[in-house]
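Quick note on numbering: UniProt numbering labels position 110 of the sequence shown as 110, and the sequence is numbered without any gaps.
Backbone N, C-alpha and C fix where the C-beta goes; we use that ideal spot for every residue, glycine too.
For reference, the structure is listed below as structure tokens.
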Amino acid sequence: MTHDRPTPSPEPIPGVDAPLSPRRPRVESTTAHRPVLLVQLSDFARAECAVDPGELHPDNAIGVLAHHHDCPFPCIPNERATAALALRYQGTSPPDPDELHRRLAELVREYLRRIAQRADQPANPHPYRPGSGQVNR
């Protein structure tokens with residue numbers, strides 16, 4: 001089955017979807033007939049740290065922060081995203097970067113703890129299948 005309509009592309013996010021430069025090699029691949037951009041450089045985010053994304057909406061700030069969260073300071077997109085999230089969630093004072101790292105570490109530890117708990121739990125047998133340990137009535 002072919003689709004004649006073009007797939008709408010998402011709106012570009014400032015600081016993340018900057019135009020590609022000739023210095024950043026890329027490889028295009030397809031997954032389920034949709035182009036996927038595969039980046040060959042590990043310092044992808046650092047290549048865009050000088051691009052000023054301007055004022056960010058908190059939803060866009062999360063996407064920008066996902067790409068620039070581990071960049072060394074000064075990283076303009078990281079600073080803009082942190083400031084946008086601070087205005088949205090903590091009033092007018094920007095959060096301390098160490099506080100953000102502590103909160104993120106707590107969330108990751110909680111996530112890993114829950115994954116470990118799920119792995120330790122035995123699989124739930126179906127209550128109405130023969131051999132499940134319950135009597136069918």
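query, result
"Residue interval of the alpha helix (DSSP H) (run including Glu99)", "Pro97 to Asp120"
"Backbone CA spacing between Glu120 and Ala86 [nearest angstrom]", "Strictly speaking, residue 120 in this sequence is Asp, with Glu absent from that position. Their Cα atoms are separated by approximately 38 angstroms."
"Simplified DSSP state of Pro58, which is helix, strand or coil", "helix"
"Exposure of His101, with buried meaning 16 or more beta-carbon neighbours within 10 Å", "exposed"
"Under the three-state DSSP convention, the category Ala83 falls into", "helix"
"Candidates Arg114, Pro97, Ala61 and Tyr89, of which the one nearest Pro74 by Cα", "Pro97"
"Straight-line Cα distance separating Asp70 from Val36", "Residue confidence is low: Val36 scores 47 on pLDDT, short of 50, so the model does not pin down where it sits. No coordinate-derived value is stated."
"Buried versus exposed call for Leu112 [16 or more other C-beta atoms within 10 Å across all chains shown]", "exposed"
"Close-in-space but distant-in-sequence residues of the same chain around Arg88 (CB under 6 angstroms, 5 per side omitted)", "Pro58"
"Cα-Cα separation, Glu110 to Arg118", "12 angstroms"
"Rounded straight-line distance, which links the Cα of Val108 to that of Ala84", "23 angstroms"
"Through-space distance from Glu48 to Thr82, alpha-carbon basis", "16 angstroms"
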